[in-house]
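Structure, as structure tokens:
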Amino acid sequence: MRKLSLVACAFALLSSWPAFSSTPPMPVSFQAVPEIMVKFEEATEYRKKAVTLGRLPHKLELGKAFPTYVAVDGKPVLETENTVTQEVVIARNPSPVVGAVYNEWLVPKATWLDTYGELPLFDTFMPFKRAKSIKAIPITEEVLSLLGSLDGETAVIAVDWNDAGMKVYRDGYLTDGGYGIAPEEMQSTYEQIE
Numbered sequence: 429m430r431k432l433s434l435v436a437c438a439f440a441l442l443s444s445w446p447a448f449s450s451t452p453p454m455p456v457s458f459q460a461v462p463e464i465m466v467k468f469e470e471a472t473e474y475r476k477k478a479v480t481l482g483r484l485p486h487k488l489e490l491g492k493a494f495p496t497y498v499a500v501d502g503k504p505v506l507e508t509e510n511t512v513t514q515e516v517v518i519a520r521n522p523s524p525v526v527g528a529v530y531n532e533w534l535v536p537k538a539t540w541l542d543t544y545g546e547l548p549l550f551d552t553f554m555p556f557k558r559a560k561s562i563k564a565i566p567i568t569e570e571v572l573s574l575l576g577s578l579d580g581e582t583a584v585i586a587v588d589w590n591d592a593g594m595k596v597y598r599d600g601y602l603t604d605g606g607y608g609i610a611p612e613e614m615q616s617t618y619e620q621i622e
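As numbered in our numbering, residues 429 to 622 make up the sequence shown, in order.
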């Protein structure tokens with residue numbers, strides 16, 4: 429009888445304790461949160477001050493997972509992982525986030541064309557200057573709470589290119605383009621438009 433009570437107590441405790449859940453948080457569409465979207469009405473406008481390198485995918489990369497890393501507290505952290513197709517451009521910031529690890533990400537060709545004005549011609553990196561500006565709001569404690577943050581430091585937002593979403597960070601930014609920018613990336617690659 430006592431063994432049954434201990435087992436029942438353990439089961440009740442574990443089944444009611446979400447902190448040990450291995451299920452990652454569901455991505456939140458911040459565009460559906462009015463308290464966040466109202467902040468974009470007075471948001472600061474930015475443009476990328478650094479060039480962005482762009483290239484077409486190599487044939488061997490097609491169908492494979494492509495990781496995107498950002499710097500968090502001076503260390504590379506996996507942000508997203510997406511599948512390479514013929515319909516994307518591989519973008520890269522010119523400087524590594526740490527050591528030999530670069531911030532590289534996949535951009536749909538139509539989005540690249542709208543943002544940079546022309547597509548890369550080859551599968552080697554070429555420099556492009558961003559023609560389009562963005563509006564961005566800081567990711568504060570309040571914004572993290574509205575996004576359902578579990579740790580007060582990060583949240584997961586819904587993005588078009590990855591069903592698992594994109595992790596965003598306190599002191600980073602949400603953009604009117606529907607994605608997040610890590611704090612260190614924002615500081616090093618964007619400038620405010622006066």
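Ideal placement from N, C-alpha and C gives every residue a C-beta, glycine not left out.
Check whether residue i and residue j have beta carbons under 9 Å apart
i      : j      : result
THR582 : LYS563 : no
MET535 : ALA519 : A small correction: the amino acid at residue 535 is Val; Met does not occupy that position in the sequence shown. Yes; because the gap between Cβ atoms is below 9 Å, this pair is in contact.
GLU612 : GLY502 : yes
MET454 : GLY600 : no
Alpha carbon of residue i to alpha carbon of residue j, nearest angstrom
i      : j      : result
VAL456 : GLU473 : 23 Å
THR480 : SER561 : 14 Å
PRO548 : TYR597 : 31 Å
GLN620 : ARG475 : 7 Å
ARG483 : VAL461 : 35 Å
TRP404 : PRO555 : With the chain covering 429 to 622 only, the question about residue 404 has no answer from this structure.
ALA610 : THR617 : 11 Å
ASP542 : PHE494 : 22 Å
LEU574 : VAL466 : 13 Å
SER449 : ASN590 : At SER449, the pLDDT of 44 sits below 50, so the modelled position is not reliable and the matter cannot be decided from this model.
ILE585 : THR552 : 31 Å
GLY491 : VAL517 : 14 Å
GLU622 : GLU463 : 26 Å
LEU506 : GLY527 : 15 Å
Residue i versus the options, residue with shortest Cα-Cα distance
i      : options                           : result
PHE550 : HIS486, GLN620, PRO462 and ALA586 : HIS486
PHE468 : GLY606, ALA538 and VAL516         : GLY606
ALA471 : LEU602, ASP591 and ILE609         : LEU602
THR508 : PRO611, SER616, LEU541 and GLY593 : GLY593
TRP533 : LEU574, GLY608, ILE464 and PRO566 : GLY608
LYS537 : SER523, THR513 and PHE553         : THR513
GLU515 : PRO522, GLU489 and SER523         : GLU489
PRO522 : GLU546, ASN590, ASP588 and LYS557 : LYS557
GLN459 : ASP588, GLU622 and GLY545         : ASP588
GLN615 : ASP604, PRO566, LYS492 and ALA586 : PRO566
Any non-hydrogen atom of the ligand MG within 8 Å of residue i CB
i      : result
ILE621 : Questions concerning the ligand MG fall outside what the structure shown contains, since it holds no ligand whatsoever.
Chain B contact for residue i (CB, 9 Å cutoff)
i      : result
THR543 : The chain inventory of the structure shown lacks chain B, comprising one protein chain alone.
Chain-order list of residues whose beta-carbon lies under 6 Å from that of residue i (same chain, five-residue window excluded)
i      : result
VAL529 : TYR497 and PRO504
ALA436 : With a pLDDT of only 37 at ALA436, under 50, the local geometry of the prediction cannot be trusted, and the value read off the model is given with reservation. Closer than 6 Å at Cβ, skipping near neighbours: no residue.
LYS477 : GLU619
GLU510 : Note that residue 510 is Asn in the sequence shown here, rather than Glu. Around ASN510: PHE494, LEU534, TRP589 and ASN590.
Close beta carbons around residue i, own chain, < 7 Å, minus the five adjacent residues each side
i      : result
VAL525 : TYR497, VAL498, ALA499, PRO504 and ASN531
LEU572 : GLY580, ALA583 and ARG598
GLY545 : ALA559
Cβ-based neighbour list, residue i, same chain, cut-off 8 Å, excluding 5 preceding and 5 following
i      : result
GLU569 : GLY580 and ARG598
ASP393 : What the structure shows of the chain is the stretch from 429 to 622, and residue 393 is not part of that stretch, so it cannot be assessed.
LEU578 : PRO453
Q: Could you pull out every unbroken beta strand (DSSP E) segment of at least 3 residues lying fully inside the stretch 502-587, listed in chain order?
A: Within the stretch 502-587, the complete beta strand (DSSP E) runs of at least 3 residues fall at 503-511, 516-526, 529-536, 554-556, 562-566 and 582-587.
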